[in-house]
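Engineer:
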Amino acid sequence: MKATMLKSFFRPSAYDRASWETIEALQAKRLRVQVDTAYSKVRFWRELFDTAGIRPQEIATPEDLTKLPLTSKVQLVSRPLRDRLASDDRHLVRMFTSGTTGPPMHVYYSRGFALLTAMYLHDHFRRWFGLGRFYRIMQLSSHSPSSGTATAQRPRVRRSMKAGYAAVRPLIERFARMVYFENSISEAVPSIESFAPDVIMANASYLRLMARHFEESGRKIAFTPKILISTGEPLDEPTRDYVERTMGVPVRQMYGSNETGPLALECLEGRRLHTFSDRAIIEVLSVKSEKVRPGELGEIVVTEMTNQGMPLLRYRMQDVGYGHDSPGETCPCGRSLSLLLKSVEGRSIDCIRTRDGRLVTPKRVLTLMNAVDGGSSCQLVQRSPDAFTLRVLCRGVTSGSVTDLAQSLAEEIGQGSAISVSWEAADGEPKKTRKLRPVIVEPPSGPSSSR
Ligand SMILES: [Zn+2]
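Per the numbering used here, residue 364 is the first one in the sequence shown, and the count goes up by one each step.
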């Protein structure tokens, strides 16, 4: 383990071009360590193994994981904090309160995990996107009034670590910064322009707002970032095309979560999601919890192998995605980190189940919305199996585009579904500046119904 840890430390992207056999051997090694940690140090996992009648030694390779039941955030949160952590929380870094799906959960990282993850991403961005050694990176986020979202919080660390952080903070801030906006993206633009980052990370909808800001203001951005990375929401192709065209910068998607850290990243050359198979094992599962066939939609389940502070095994991400069409296929970029995920389609509770049993994913709805002018200010609400309301939340959207959108959505959902339009734009400030859930399903269909 020590040798692989050292390799990860000095050369985080060492496994990018490794053979699949090398990656499988590494996965088996890391998995055994993680399973041992989970069983010996975390009550939640020990009880789960014991209840299922499985000994930790039986989980020796990624294939053995199917012996374990799937786990969820709801299960973890139902237990006291100490039962989910591998050590006293004072020895861990509390990173986030993750609460965008389901109940809020404090997420803890081992100290090594937080540092190694930062180095891992830094090295991957640098090599994958052709950046210099000392590039600048900025994350764009909106303030959450309830502070319930992960991005609004700072890591909570011990006092001794705080002093260390304070000492290196000026150095870190030369290269990495967060920028927030409250009501309008224009609030963040001066900070972005003065920092002139090489990399901007933001939700796809914020990237769209930024692009629109520059398009509407009729002036060019004062610098050119090398890459825009979409995180947190599915990236639909109309949004990618629009932002790339308007900003003149490539947009690539990263997938991950607060609980698991980063899981997959699109490369520049192939626009494909490479999963970080050296850190996590990703499964795409059918409603029967079986691996989906290539190119099929399924629930994303993750076993993280490097955060030993809060191990997660077969953890349901509450997201759906397509498994890759052709497993074993190589990417033009030449990297071998596996292409297990073709695309990430959004949250399973936001999927619409049609009369004929298909799932229409949030990304599919976003793709249709963003294909019409002003569609990003709309929201589709499923009131009952056949009744939908298309809410229009911004003035300035023409009735023609709304009619087109309602028609394309009705065709997608099919089976004589009725879509009524509700014009709800406020008289004052148009509500176009904030992130919007594209789909709301009432009542939620729940992750178990995802397929
Ligand atoms: Zn690639």
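Glycine residues also receive a C-beta, built at the ideal position from the N, C-alpha and C atoms. Small disclaimer: the values here were computed from a predicted structure and weren't measured.
For V804, which of helix, strand or coil comes out of DSSP?
Structural biologist: In this structure, V804 counts as strand in the three-state DSSP scheme.
Engineer: Taking only the alpha-carbon atoms, compute the straight-line gap between R532 and G595 and give it to the nearest angstrom.
Structural biologist: Approximately 26 Å, taken between the alpha carbons.
Engineer: So P601 is in the alpha helix (DSSP H); what residue range does that whole segment cover?
Structural biologist: Residues 600 to 610.
Engineer: Excluding five sequence neighbours on each side, which residues of the same chain lie with their C-beta closer than 6 Å to the C-beta of T480?
Structural biologist: Within the same chain, T480 has close Cβ partners G624.
Engineer: Using a Cβ-based criterion (distance less than 6 Å to any ligand heavy atom), does R603 qualify as near ligand 1?
Structural biologist: Not under cutoff, so the answer is no.
Engineer: Quick check: is the beta carbon of P560 nearer than 7 Å to any beta carbon in chain D?
Structural biologist: In summary, chain D is missing from the structure at hand, where a single protein chain is found.
Engineer: Using a Cβ-based criterion (distance less than 6 Å to any ligand heavy atom), does C757 qualify as near ligand 1?
Structural biologist: No - ligand 1 has no heavy atom lying nearer than 6 Å to the Cβ of C757.
Engineer: When burial is assigned at 16 or more other CB atoms within 10 Å of the CB, is W408 buried or exposed?
Structural biologist: Buried, since its Cβ has 16 or more Cβ neighbours within 10 Å.
Engineer: Do you know how far the Cα of S473 is from the Cα of S762?
Structural biologist: Cα to Cα, S762 sits roughly 53 Å from S473.
Engineer: Starting from R682, trace the alpha helix (DSSP H) in both directions and tell me its first and last residue.
Structural biologist: Note that residue 682 is Asp in the sequence shown here, rather than Arg. That residue, D682, is in no alpha helix (DSSP H); its beta strand (DSSP E) goes 678 to 686.
Engineer: Locate the beta strand (DSSP E) running through A625, then write down its first and last residues.
Structural biologist: In the sequence as displayed, the identity of residue 625 is Pro instead of Ala. Counting along the chain, the beta strand (DSSP E) containing P625 begins and ends at 624 to 629.
Engineer: Any idea if P597 is buried or exposed, counting beta-carbon neighbours within 10 angstroms, 16 or more meaning buried?
Structural biologist: By the 10 Å Cβ count, P597 comes out buried.
Engineer: Excluding the 5 residues preceding and the 5 following E629 in the sequence, name in chain order all residues of the same chain whose CB lies nearer than 8 Å to its CB.
Structural biologist: These residues qualify, in order along the chain: R615, Q616, M617, R635, L636, H637.
Engineer: Please tell me whether L675 and V664 are closer than 7 Å, where the distance is taken between their beta carbons.
Structural biologist: It is not a contact, given that the beta carbons lie outside the stated cut-off.
Engineer: Can you tell me whether DSSP reads E659 as helix, strand or coil?
Structural biologist: Three-state DSSP puts E659 in coil, outside helix and strand.
Engineer: Collect the residues with a C-beta less than 6 Å away from any heavy atom of ligand 1 and give them in sequence order along the chain.
Structural biologist: Listed by chain position, these are C630, E632, G633, R635, H637, C694, C696, R698.
Engineer: What first and last residue would you give for the beta strand (DSSP E) that runs through F577?
Structural biologist: That residue, F577, is in no beta strand (DSSP E); its alpha helix (DSSP H) goes 567 to 580.
Engineer: So, with DSSP's three-state summary, where would you put S403?
Structural biologist: S403 falls in the helix class under three-state DSSP.
Engineer: Between the alpha carbons of E758 and V470, how many angstroms are there, rounded?
Structural biologist: Note that residue 758 is Arg in the sequence shown, not Glu. Between R758 and V470, the C-alpha separation is close to 39 Å.
Engineer: Specify the secondary structure class of R754 as computed by DSSP and reduced to three states.
Structural biologist: The answer is strand: DSSP assigns R754 an E or B state.
Engineer: For F586, which three-state DSSP category applies?
Structural biologist: Residue state, collapsed to three classes: coil.
Engineer: Quick one: Cα of G581 to Cα of M610, how far?
Structural biologist: Approximately 12 Å between the Cα atoms of the pair.
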